[in-house]
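The listed protein sequences correspond, in order, to chains A and B. Heads up: the first sequence at position 248 corresponds to 248 in this note's numbering, and the numbers run straight through without jumps. Here this note's numbering = 1-based position in the second sequence + 1000. As C-alpha cells, the structure follows; a few thoughts come after it.
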Amino acid sequence: MKFRFLKDKFFKHLMFMCIVFSISIVFLMLFGLFIRSLPILQQKSFSDIFLSGTWHPLRGEFGFAPFIVGTLWVTVVAMVIAIPLCLLTAIYLSEYAHRRVTVFLKPFIDLLAGIPSVVYGIWGVLAVIPLIRDYIAPLFGVRSTGYGILAGGIVLGIMVFPIIIQICVEVFQSVPKELREASLALGATKWQTIKHSVLRKALPGILAAIVLGFSRAFGETMAVLMVVGNVPKIPKSIFDCAYPLPALIANNYGEMLSVPLYDSALMLASLILLLLVLIFNILARLILIRVERSTQ
Amino acid sequence: MDCQSHICVNNLNVFFGKEHILKNISLKIPDKKITAIIGPSGCGKTTLLKSFNRLIDSYDGVKVTGEILVDDENILHPNIEVTHIRKKMGLLLQNPYPLPMSIYDNVAYGPRIHGIKNKKKLDEIVEHYLKQTNLWIEVKDRLNAPASRLSVGQQQRLCLARGLAVEPEIILGDEPTSALDPISSKVIEEKFQELSDNYTIIIVTHILRQAKRLANYVIFLYLGELIEQGTAEEIFENPKEEMTKAYIQGKIS
Ligand SMILES: Nc1ncnc2c1ncn2[C@@H]1O[C@H](COP(=O)(O)OP(=O)(O)OP(=O)(O)O)[C@@H](O)[C@H]1O
Ligand SMILES: [Mg+2]
C-alpha cells in the first residue's frame, strides 16, 4: 500500500530532475559561450560588433551585421515560401483527399524528413541555382550567379516542409467534427468552413508547427551553406549572396585560430545564433498565448 | 395531414459500409409542428436527422438510397445544391458547439456566409436573434467576448440564434437539451414551442416526458426500422404496435 505512494513520489521527482537537467543544459551552453566570447566583447564596442558591416579578421575588424542580416533574410524567405505551401498541402491532405490518398502520400512526406541535408544542398546546387540564374533572376532583370539568399531560402523552405506539414495535418485532424458540422449545417461551403472555422480553431497548432520548423531552419547549416554564396557583406536584395551565422561557424571553426580574437568571435557567433532562436521562440510563444486567449 | 407535410421520406436506406443502419424508412413530417423522433440508443435517430440536411455525406463510406422530399424537391438527387438545403434547416447538436469566435461573430456567421456584408444590417440581425433566444440581456455588453466563455445553457441558446439567423424553415434538434441543466432545458423547450408557430421542428429525444410535453407528432424507431408514427396522442395513449407500447412503458430501452 505505502509502496505505491513511494513509487509515485519517486517518479515525480525523477521526472522533475530530467526537466531540470535539460533546461540547465541550455543555460550551461549560454554561459559557456558567453565566457568564451568575453574577450571580444570586452575589447570591441557594441557598435563595432553589431552595427559594422566589415568583416576583416586579419585587420581585427569583426562586424557581425552581415551575418545576422543574412540569417534573418534566408529564414524569412524560407518562411514566405514554406508557410503557404505547407498549409495548402496540409489542408488538402486532411480535408479534401480521400483517406486512401492520405495514407499513400504520408510516407513520402515522412521520407522527405529523413533526407540528409547535404543531399538537399546538392539538389539546390544542381536544380535551384540554374533555375534562379537562367529564369527567375532574368525575370526581374537581375544578373545573378544563382547563389544567394533566394536559393538558400528555397532549399531551406523545402527542408522544413515535412515537419510543418506533418504537424499541421495532425492539428487539422484534431479539430472536432462537430465544428465542421456546425459550420456546414449553416450552409457554408467546404472552403468557407475551412477558412472561417477550421483554420481559426487550428491557428495555435499551426503557429506551433511553424515555430518548430523554423527553429530548425535558423540553425540549418549544410544545405544553406552550399547555395547561399557565403560573402560577408550586408545583402541588399534576395538575389545577393549572404553568409548566415551557421555557415560562418561551420566554415571557419578550427581554422585561422592563430588570428587574435578569431576564436572568441566565432563563439560570439554561436551565442548570437542561440539567442536569435531563443528570442524567436519566446516571441512565438507570446503570440500563441494571445491567439489562444482570443479564440478559446 | 398529407397536404401539409413539409418533409416526406420514401424508402430511405442508409448504409455505413456494409452495415444497414436505416431500413426502408417512409415517413411524413408535418409543417409547422413539433415532431419528436424517439427510440433506444443506436437505433439511427441521429443518422436520420443528418440525412435530412445531408451532413451524412461527410462520413466515409456512406450510401443513401430512396428519396427525401423537402417542399417537393428530392434533396438526395445528385444535382441538388447542398448548401441551399442546409440553409433551409437549422441544426442543434447534442452538445452546443460555438464556433471559435466571438458571440457576435457566431450569430453573424451564417448571414455573412450568405453574402450580407453591411455592418448595420448584421448588427440588426445579431440583436434580433439574440433577443429571440432570450440571450440579448445577458450578453449585450460582451458581444465581442469569445463564445466559449458562455455557460453551456447560454451556448445552446447561442447555437439556436446562430441557426435561426440564416432564416431556416426547419429546425433540427439532436437531443438539444441533454447537456443542459433543468432550467436551461426548460428555456429551450419553451423556445421551441414558441417557434413552432413559424417553423417546422424536429427533435430527437431520449426523454419520453419531453416528447410528451412538446411533440404534436411522434416517430418511433427501433434498430433502424420505423415501428410506428402518428400524433402524440395516438402514440402515447393508444399505440398500435406492441413494441411501441413496451418502449413507452419503459420495458425496452
Ligand atoms: N460514422 C459511422 N460509421 C459507422 N457506423 C456508424 C457511424 N455513425 C453511426 N453509426 C452506427 O449507426 C447506428 C445508428 O447510429 P445513430 O448515431 O444514428 O444512433 P442514435 O439513435 O442517434 O443513438 P443515440 O441515441 O445513442 O444518439 C449505430 O449502430 C452506430 O454504430
Ligand atoms: Mg444520436
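C-beta atoms are modelled at their ideal positions from N, C-alpha and C, and glycine is treated no differently.
Interface flag, residue i vs chain A, CB-CB below 7 Å
| i | result |
| --- | --- |
| valine 1014(B) | no |
| tyrosine 1097(B) | yes |
| isoleucine 1113(B) | yes |
| threonine 1083(B) | yes |
| valine 1139(B) | no |
| glycine 1061(B) | no |
| valine 1166(B) | yes |
| glycine 1066(B) | no |
| proline 1239(B) | no |
| glycine 1017(B) | no |
| leucine 1091(B) | yes |
| glycine 1110(B) | yes |
| lysine 1087(B) | yes |
| proline 1100(B) | yes |
| tyrosine 1247(B) | no |
| leucine 1055(B) | yes |
Closest residue to residue i among the options (Cα-Cα distance)
| i | options | result |
| --- | --- | --- |
| alanine 1147(B) | Trp1136(B), Gly1110(B), Pro1098(B) | Pro1098(B) |
| serine 1058(B) | Val118(A), Ala82(A), Arg99(A) | Arg99(A) |
| isoleucine 234(A) | Ser37(A), Glu178(A), Thr54(A) | Thr54(A) |
| glutamate 1169(B) | Arg1112(B), Pro1182(B), Met1089(B), Phe1192(B) | Met1089(B) |
| glutamine 119(A) | Phe10(A), Leu268(A), Leu245(A), Thr221(A) | Residue identity differs from the one stated: residue 119(A) is valine in this sequence, not glutamine. Among Phe10(A), Leu268(A), Leu245(A), Thr221(A), the Cα nearest to that of valine 119(A) is on Thr221(A). |
| tyrosine 96(A) | Thr193(A), Gly229(A), Lys236(A) | Thr193(A) |
| asparagine 251(A) | Leu275(A), Ala223(A), Phe104(A) | Ala223(A) |
| isoleucine 83(A) | Leu51(A), Phe5(A), Ile115(A), Phe214(A) | Phe214(A) |
| valine 1009(B) | Tyr1247(B), Glu1242(B), Ile1219(B), Phe1236(B) | Ile1219(B) |
| asparagine 281(A) | Leu225(A), Glu255(A), Ile210(A) | Ile210(A) |
| alanine 1215(B) | Glu1124(B), Ile1007(B), Ile1103(B), Glu1234(B) | Glu1234(B) |
| alanine 1036(B) | Ile1171(B), Arg1157(B), Lys1251(B) | Ile1171(B) |
| cysteine 241(A) | Ile272(A), Ser270(A), Leu225(A), Ile35(A) | Leu225(A) |
| aspartate 1157(B) | Ile1137(B), Thr1133(B), Leu1093(B), Asn1144(B) | For clarity, residue 1157(B) is arginine in the given sequence; the question names aspartate instead. Considering only alpha carbons, the answer is Thr1133(B). |
| arginine 1213(B) | Ser1005(B), Lys1119(B), Glu1189(B) | Glu1189(B) |
| valine 80(A) | His196(A), Ile149(A), His13(A), Ser22(A) | Ile149(A) |
| lysine 1033(B) | Asp1197(B), Lys1251(B), Glu1225(B), Gly1230(B) | Asp1197(B) |
| asparagine 1106(B) | Ala1161(B), Gly1153(B), Leu1221(B), His1077(B) | Ala1161(B) |
| arginine 1209(B) | Tyr1199(B), Ser1051(B), Phe1236(B) | Phe1236(B) |
| proline 66(A) | Lys2(A), Val291(A), Leu275(A), Ala269(A) | Ala269(A) |
| serine 1185(B) | Leu1164(B), Asp1123(B), Ala1211(B) | Ala1211(B) |
| glutamate 1078(B) | Asp1072(B), Ser1005(B), Leu1150(B), Thr1065(B) | In the sequence on display, residue 1078(B) carries proline and not glutamate. Nearest C-alpha to proline 1078(B): Thr1065(B). |
| lysine 1087(B) | Val1166(B), Pro1182(B), Gly1039(B) | Val1166(B) |
Whole-Å CB distance - residue i paired with residue j, under 8 Å assumed
| i | j | result |
| --- | --- | --- |
| serine 144(A) | arginine 133(A) | 6 Å |
| valine 69(A) | valine 155(A) | Incorrect: roughly 19 Å between the Cβ atoms, too far for contact. |
| glycine 187(A) | glycine 1110(B) | 7 Å |
| leucine 203(A) | alanine 284(A) | About 12 Å separates the two Cβ atoms, so there is no contact after all. |
| glycine 1044(B) | glycine 1224(B) | 5 Å |
| alanine 137(A) | phenylalanine 239(A) | 6 Å |
| valine 1014(B) | leucine 1022(B) | 4 Å |
| isoleucine 40(A) | alanine 265(A) | 5 Å |
| glutamine 178(A) | leucine 1093(B) | The question names glutamine, but residue 178(A) in the sequence shown is glutamate. Yes, glutamate 178(A) and leucine 1093(B) are in contact; Cβ-Cβ is about 6 Å, under 8 Å. |
| valine 1139(B) | aspartate 1174(B) | The Cβ separation is near 24 Å, so there is no contact. |
| glycine 152(A) | valine 74(A) | 4 Å |
| tyrosine 1104(B) | valine 1082(B) | Contact doesn't hold; Cβ gap of about 27 Å is too wide. |
| proline 1096(B) | glutamine 1155(B) | 4 Å |
Min CB distance residue i to chain B below 7 Å
| i | result |
| --- | --- |
| arginine 290(A) | no |
| leucine 6(A) | no |
| alanine 137(A) | no |
| glutamate 95(A) | no |
| arginine 200(A) | yes |
| methionine 17(A) | no |
| glutamate 181(A) | yes |
| leucine 150(A) | no |
| glycine 124(A) | no |
| glycine 205(A) | no |
| leucine 87(A) | no |
| alanine 208(A) | no |
| threonine 189(A) | yes |
heavy atom of ligand 4 below 6 Å from residue i C-beta
| i | result |
| --- | --- |
| serine 1148(B) | As presented, the structure is devoid of ligand 4, carrying ligand 1 and ligand 2 as its sole ligands. |
Exercise. For ligand 1, which residues count as neighbours when the test is a C-beta closer than 5 Å to any heavy atom?
Worked result: Residues with a Cβ closer than 5 Å to any heavy atom of ligand 1, in chain order: Phe1016(B), Ile1021(B), Ser1041(B), Gly1042(B), Cys1043(B), Gly1044(B), Lys1045(B), Thr1046(B), Thr1047(B), Tyr1059(B).
For this session: Give the residues from the region 21–54 of chain A that approach chain B closer than 8 Å (Cβ to any Cβ), ordered along the chain.
Result: So the list is empty, because no residue satisfies the distance condition.
For this session: Could you please tell me which residues of the region 158–178 of chain A, in chain order, have their CB closer than 7 Å to any CB of chain B?
Result: Residues of the region 158–178 of chain A with a C-beta less than 7 Å from any C-beta of chain B: Glu178, listed in chain order.
Exercise. According to a CB-to-CB cut-off of less than 7 Å, which residues of the region 94–120 of chain A neighbour chain B?
Worked result: Contacts with chain B (Cβ-Cβ distance below 7 Å) from the region 94–120 of chain A involve Arg99, listed in chain order.
Exercise. Of the residues that make up the region 1208–1219 of chain B, which ones have a beta carbon closer than 8 Å to any beta carbon in chain A?
Worked result: The region 1208–1219 of chain B vs chain A, Cβ under 8 Å: nothing.
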